[in-house]
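Taking it in order: structure first as structure tokens, then the write-up.
There are 2 protein chains.
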Amino acid sequence: MPAPTAKPNARSKLLDAALSMIRAKGYSATTVDELCAAAGVTKGAFFHHFRNKDELGVAAAEHWSEVTGALFAAAPYHDHADPLDRVLGYLAFRKALLQGGVPDFTCLVGTMVQETYETAPAIRDACDRSISTHARTLEADIEAAMRDRAMSPDWTPESLALHIQAVLQGAFILAKAKGGPQVAADSMDHLTRYLTLLFCAGGDTPNPKGD
Amino acid sequence: MPAPTAKPNARSKLLDAALSMIRAKGYSATTVDELCAAAGVTKGAFFHHFRNKDELGVAAAEHWSEVTGALFAAAPYHDHADPLDRVLGYLAFRKALLQGGVPDFTCLVGTMVQETYETAPAIRDACDRSISTHARTLEADIEAAMRDRAMSPDWTPESLALHIQAVLQGAFILAKAKGGPQVAADSMDHLTRYLTLLFCAGGDTPNPKGD
DNA sequence: GATTACATACCAACCAGTCGGTATCTTTAA
DNA sequence: TTAAAGATACCGACTGGTTGGTATGTAATC
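Here the protein sequences come in this chain order: B and U. For the first sequence, our numbering assigns the number 1 to the initial residue and increments by one for each residue that follows. For the second sequence, our numbering assigns the number 1001 to the initial residue and increments by one for each residue that follows.
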């Protein structure tokens, strides 16, 4: 990638179109022809930049990581002094992103991995990288919040960061099923409540199942 | 439906095959031909029982509701005397179901609604019904647990039941991305911890955001 | 002048869905 | 008791449009 900034060339037009089209219709139902039409390029351009459809899927996941990575890196929740406030601010930011139609606020890689995890390992790995890398941006703050409170729980910062991602992904599924963001916002409130309780009311309680 | 028990006729063979095939490959990538081959029936039989592919999708969601509904109705977690123990027992039961390959323990309707929520409203509604009806089986126990503790929180039993479903659905997405159930089990542990904290350590704390 | 970045035309395989036909089960009435 | 009559369940060849992918050509750029 010599040019990090995206000129309106065929490749980036295809990737941008892929983000919205795959989020709306899923990966399998997104056809190369439709994608080219939406991006305003020809099929020749598509197969010039991508060897096949799966390679576009991988590139779309990576493009998604870059776009969302920049969005979250520039978000204001990092400014809080207390690390727990930064984590809670992250969740508030996620909740504030629930705007527009369902395809506008849902997650590309969460959608795509559901269809491809068995049939396209390259896409699954790209989606895993996207989710896991994003989750890792929360780990330092979680760990700092634990240290501030001298907590030594039986869960790891990584597992909590991944749990947060799981709640968000699940909230999107419910929003899709119910046709609106309200149920997702409610779920994010429950998650916020969990973090508040966990760090302020009893984070050292042993694992209720003991395993 | 005069005969509630499933004879090995073409329709139920197709529905059973659909459950596993759609969970593994997704709805769009599941072709009618492949489905018929897996079920051991012909295409003529398919279009005798279903007007089109979408109608199979709806029927598959309903079949899924019946199969899983019977599974959960017969599960032992209902035997606990305390309603909170029944809810926690439900979660332990869900965790115990994380056996076999990823397609074996993931949720059909969560998978299907992601691909169809924009393009096939009938399927989306069927998936919503499946999830919401299942969530509703938890509401009475949640409400009873609240009453036992004289709680008057700013969340409803319905929202908590749906949040539980969101965590489960999200856990399945993470399991698909990571290729195994461990991350899903970890997320279910966090959810169990949330319920424990919520009902035993501070369920009356006000909404941290205040909205 | 050669590599890159597209455009156009084309293809074989595949897709959901159709259709004429057969086997079997149910109803009815002589 | 049985047989005509109709409905249901299923079969499998066929179709027309779509699919991902290719082959080849051309204009711009390095």
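Every residue gets a Cβ at the ideal spot worked out from N, C-alpha and C, and that includes glycine. Predicted model, so just to flag it, every value in this text is computed and none were measured.
{"Check": "U/Ser-1020: contacting residues in chain B (beta-carbon distance under 9 angstroms)", "Outcome": "In chain order: nothing, as chain B lies at least about 11 angstroms away."}
{"Check": "Collapsed DSSP secondary structure at U/Phe-1093 in the structure displayed", "Outcome": "helix"}
{"Check": "8 angstroms Cβ cutoff, B/Tyr-194 in contact with chain U", "Outcome": "yes"}
{"Check": "Rounded C-alpha distance that separates B/Thr-192 from U/Gly-1100", "Outcome": "32 angstroms"}
{"Check": "B/Val-41 in three-state terms, based on DSSP", "Outcome": "coil"}
{"Check": "The segment 1052-1070 of chain U: positions lying closer than 8 angstroms to chain B by Cβ", "Outcome": "none"}
{"Check": "Interface flag, U/Pro-1181 vs chain B, CB-CB below 8 angstroms", "Outcome": "no"}
{"Check": "Buried/exposed call for B/His-48, threshold 16 Cβ in 10 Å", "Outcome": "exposed"}
{"Check": "Cross-chain neighbours of B/Val-102 in chain U, by beta carbon under 7 angstroms", "Outcome": "Tyr-1117"}
{"Check": "Beta carbon of U/Ser-1187 nearer than 8 angstroms to that of B/His-163", "Outcome": "yes"}
{"Check": "Where B/Glu-115 falls, given that 16 or more other Cβ within 10 Å makes a residue buried", "Outcome": "buried"}
{"Check": "Reduced DSSP category for B/Thr-111 - H, G, I as helix; E, B as strand; rest coil", "Outcome": "helix"}
{"Check": "B/Ser-152, DSSP secondary structure in three states", "Outcome": "coil"}
{"Check": "Buried/exposed call for B/Ala-73, threshold 16 Cβ in 10 Å", "Outcome": "exposed"}
{"Check": "Alpha helix (DSSP H) runs wholly inside the segment 1034-1090 of chain U, at least 4 long, in chain order", "Outcome": "1043-1049 and 1053-1073"}
{"Check": "Beta-carbon separation (whole angstroms), U/Thr-1111 vs U/Arg-1011, contact threshold 8 angstroms", "Outcome": "So it is not a contact: roughly 21 angstroms between Cβ atoms."}
{"Check": "Residue environment, B/Arg-124, which counts as buried when at least 16 other CB atoms sit within 10 Å", "Outcome": "buried"}
{"Check": "Contact belief for B/Ala-61 with B/Cys-127 at Cβ below 8 angstroms, rounded distance in angstroms", "Outcome": "5 angstroms"}
{"Check": "Where B/Ala-175 falls, given that 16 or more other Cβ within 10 Å makes a residue buried", "Outcome": "buried"}
{"Check": "Coil, strand or helix - U/Ser-1028 by DSSP", "Outcome": "coil"}
{"Check": "Contact under 8 angstroms by Cβ, U/Ala-1096 with B/Ala-166", "Outcome": "no"}
{"Check": "Within the segment 1120-1177 of chain U, ranges of the alpha helix (DSSP H) (whole runs, at least 4 residues)", "Outcome": "1121-1148"}
{"Check": "B/Gln-99: contacting residues in chain U (beta-carbon distance under 8 angstroms)", "Outcome": "Going along chain U, no residue has its Cβ under 8 angstroms from B/Gln-99, so there is no contact; the nearest lies around 15 angstroms."}
{"Check": "Three-state secondary structure assigned by DSSP to B/Tyr-194", "Outcome": "helix"}
{"Check": "Sequence-distant residues of its chain with Cβ nearer than 8 angstroms to B/Cys-36 (five each side left out)", "Outcome": "Leu-14, Thr-42, Lys-43, Ala-45 and Phe-46"}
{"Check": "Rounded separation between U/Ile-1142 and U/Asp-1085 - CA only", "Outcome": "10 angstroms"}
{"Check": "Cβ distance (whole Å) where U/Leu-1138 is taken to contact U/Val-1087 below 8 angstroms", "Outcome": "6 angstroms"}
{"Check": "Environment of U/Gln-1246 [buried if 16+ CB atoms lie within 10 Å]", "Outcome": "Any property of residue 1246 of chain U remains undetermined from this structure, which presents chain U solely from 1001 to 1211."}
{"Check": "Residue from U/Arg-1149, U/Tyr-1090, U/Thr-1119 and U/Ser-1159 with nearest C-alpha to U/Lys-1053", "Outcome": "U/Thr-1119"}
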